[in-house]
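The number in this note's numbering is simply the position in the sequence shown, starting from 1, with 8 added. For glycine and all other residues, C-beta sits at the position ideal for the given N, C-alpha and C. Small disclaimer: the values here were computed from a predicted structure and weren't measured. These notes concern the structure reproduced below.
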Amino acid sequence: MAALPLVGTLRPALPPVMPHQAFDVGGSAREPERLPAAGAAAAAAADDNGVDAFDEKILPDQVSGTIENLKVLLTRLSTQGAVWPQVIKDEWELERLEETDSKFKRCLCDNSIIRRCYLKNKKNGNRAVLGDRCLTLLANEAGVEEFRNVGKIFRSFKRVCGHPDDSVSPEYADYLEKRKIWGPREAGFYKSNRLKDKLSDRQKPFKAKLNKIARFALAGAQKGVNVVSDSVGVSANPALIQEAFDQKVINSNALRFYMDVWQKEDGVLSEKQRHYKLILNDNILKAWAAKKLRV
Ligand SMILES: [Zn+2]
């Protein structure tokens, strides 16, 4: 381990990264000195996203070592020479959040998680999935404001799912605005009216529409399948669209298109766009029925 430059700034007593905990980046946590160049690592990580890379549960007495291991793993997925904690601020961004009860994906630390935070490395395209608790611990230590809020966002999501008329938190509203899930008009309306008890007859349905989008935006891919199965004309949600792309059911053009329009009502889409969405829904459902798409 001493020869591994990536962990040079960490404590020497760092526990070794267990092979089963590492992303299968070119294949070997046992031989970190032979990690491939960033481009190859990106391709490998994009290929498997950590799916089925883990088969053992982490033991409770390993938890204190978990955070140290996570630092090593995230640093390894970063560009060469990157050092903690600067690397999490400089290279990693939050792609999206998802809450699901599927056991399909695990945190980078190997724990089974339902609240997933998808991170992307801005420099080499690598991706990593972390649980909200692990990411919050890392963010607090490294002082990354964006990642610190994931717990608040998930809580707001849960709240609005159970109480459809409640307002989402400013943190969740920011999340939706930043990802253009709500447009500027929607986000502006929400900021002005979030705390108002009395809304006009025109404002009420508008807020209800925005809350409906908020209830679907972080839902897992299974929820998306359920909704599209019920009515093929409606939209899938981000989790399902991303899974469909990751599992090669739809291509990158389709991914971009669908992520742009999923929250839009059919009335604002062109005939061509509506038609394309139907084709994508059909492909997704067929792949799911044929077990070529796991959610
Ligand atoms: Zn974790």
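Q. Going along the chain, which residues of its own chain have a beta-carbon closer than 7 Å to the beta-carbon of R156, five neighbours each way excluded?
A. The residues are T144, A147 and N148.
Q. Within 10 angstroms of its Cβ, does S137 collect 16 or more other Cβ (buried), or is it exposed?
A. As written in the sequence, residue 137 is Val, which differs from the Ser given in the question. Answer is buried; the Cβ neighbour count reaches 16.
Q: Within the same chain, show all residues whose beta-carbon is closer than 8 Å to that of D274, passing over the 5 residues directly before and after it, in chain order.
A: G241 and R282
Q: Using only the heavy atoms of ligand 1, determine whether one of them is closer than 7 Å to the beta carbon of T74.
A: With a threshold of 7 Å, the Cβ atom of T74 counts as near ligand 1, since some heavy atom of the ligand is closer than that.
Q | Among L82, S177 and V303, nearest to R223 - alpha-carbon criterion | A | Closest by C-alpha distance to R223, out of L82, S177 and V303, is S177.
Q: Could you tell me which uninterrupted beta strand (DSSP E) segments, each at least 3 residues in length, are contained entirely in the region 121-184, listed from first to last along the chain?
A: Runs of beta strand (DSSP E) with 3 or more residues, each lying fully within the region 121-184, are found at 123-129 and 135-139, listed in chain order.
**Q.** Exercise answer, beta-carbon shell around ligand 1 heavy atoms below 5 Å
**A.** Those residues are C115, C117, N119, G139 and C142, given in chain order.
Q: Would you check if the distance between the CB atom of E101 and the CB atom of L82 is smaller than 8 Å?
A: No.
Q. Under three-state DSSP, which class holds R210?
A. coil
Q: Look up R104 in the DSSP assignment and say whether it is helix, strand or coil.
A: strand
Q | Terminal residues of the alpha helix (DSSP H) in which R193 lies | A | P192 to N201
Q: Check the DSSP bridge columns for R3 and list the partner residues they point to.
A: Nothing can be reported for residue 3: it is not among the residues displayed for the chain, which extend from 9 to 303.
(Q) Would L288 and E251 qualify as a contact pair, given that the criterion is a beta-carbon distance under 8 Å? (A) no
Q. Is it true that the region 228-244 meets the region 186-206, where meeting means three or more beta-carbon pairs spaced less than 8 Å apart?
A. no
Q | Cβ-based burial, L14 [other Cβ within 10 Å; buried from 16] | A | Caution is warranted here: a pLDDT of 39 is assigned to L14, below 50, making its placement in the model unreliable, and no coordinate value can be reported.
Q) Straight-line CA distance for Y266 to I249? A) 7 Å
(Q) Considering only the alpha carbon of each residue, which of D118, V168, E106 and R84 lies closest to Q230? (A) When each option's Cα is compared against that of Q230, the closest is E106.
Q. Taking the continuous alpha helix (DSSP H) assigned at Q94, which residues delimit it?
A. Q94 to E99
Q.
On the criterion of 16 or more Cβ atoms from any shown chain inside 10 Å, does N134 qualify as buried, or is it exposed?
A. buried
Q: Note down, in chain order, each residue of its chain lying with its Cβ closer than 7 Å to the Cβ of V236, except the 5 sequence neighbours on either side.
A: The beta carbon of V236 lies closer than 7 Å to those of V242, A244, N289, I292 and L293 in the same chain, with the five residues before and after it left out.
Q: Determine the extent of the alpha helix (DSSP H) in which R282 is found, giving its start and end residues.
A: E279 to A297
Q: Kindly list the residues whose CB is nearer than 7 Å to the CB of L218, restricted to its own chain and excluding five residues on each side of it in sequence; keep chain order.
A: Cβ neighbours of L218 beyond the five flanking positions: W190, E194 and Y198.
Q. With distances taken between CB atoms, is the gap from G139 to I121 smaller than 8 Å?
A. yes
Q) When the Cα of Q271 is compared with those of I75, A247 and V257, which residue comes out closest? A) A247
**Q.** Beta bridge counterpart(s) of R114 as assigned by DSSP
**A.** S120
**Q.** Nearest-angstrom beta carbon gap, C125 and V168 [assumed within contact, 8 Å]
**A.** Rounded, the Cβ-Cβ distance is 19 Å, inconsistent with contact.
Q: Measure the alpha-carbon distance for Q94 versus G151 and round it to whole angstroms.
A: 10 Å
(Q) Beta-carbon within less than 7 Å of E185's beta-carbon, same chain only, minus the 5 sequence neighbours each way: which residues are those? (A) A195
Q) A90 by DSSP, collapsed to three states: which one? A) coil
Q | Classification of K113 by the beta-carbon crowding that lies within 10 angstroms, buried from 16 upward | A | Buried, by the Cβ-count rule.
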